[in-house]
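When we follow this note's numbering, the leftmost residue of the sequence shown carries the number 431, and every step to the right adds one.
For glycine and all other residues, C-beta sits at the position ideal for the given N, C-alpha and C.
Small disclaimer: the values here were computed from a predicted structure and weren't measured.
The structure appears below as structure tokens.
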Amino acid sequence: RSSDTAVSIKWQAPFYRVRIGPFATEQQAETVLEEARPTFPDAFVTPERVDAPS
Numbered sequence: 431r432s433s434d435t436a437v438s439i440k441w442q443a444p445f446y447r448v449r450i451g452p453f454a455t456e457q458q459a460e461t462v463l464e465e466a467r468p469t470f471p472d473a474f475v476t477p478e479r480v481d482a483p484s
């Protein structure tokens with residue numbers, strides 16, 4: 431994982447939610463997902479709208 435990729439961890443019972451991103455494309459997210467899969471085997475990509483800074 432690139433050191434400049436944002437990561438947030440939040441407890442939402444009964445799970446921790448680990449978010450990595452944002453990514454410009456779904457393909458970028460899927461690539462990072464495959465890298466994270468050994469540590470987070472149940473991880474999945476969730477689309478989320480992110481507004482670009484103005």
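Requested in this report: Output yes or no for whether 7 Å exceeds the beta carbon distance between Val-475 and Pro-452.
Outcome: By one-based count along the sequence shown, residue 475 stands at place 45. By one-based count along the sequence shown, residue 452 stands at place 22. Contact: no.
Query raised in the report: Would Ile-439 be called buried (16 or more neighbouring beta carbons within 10 Å of its own) or exposed?
Result: Along the sequence shown, read from residue 1 onward, the residue named residue 439 stands at position 9. The residue is exposed, with fewer than 16 neighbouring Cβ atoms inside 10 Å.
Query raised in the report: Would Trp-441 be called buried (16 or more neighbouring beta carbons within 10 Å of its own) or exposed?
Result: Within the sequence shown, the letter at position 11 stands for residue 441. Trp-441 comes out exposed.
Report task. State the Cα-Cα distance for the pair Arg-431 and Pro-483, rounded to the nearest angstrom. Result -> Start at 1 with the first residue of the sequence shown, and residue 431 comes out as number 1. Start at 1 with the first residue of the sequence shown, and residue 483 comes out as number 53. Bear in mind that a pLDDT of 49 at Arg-431, under 50, signals an unreliable position, so the model cannot answer this.
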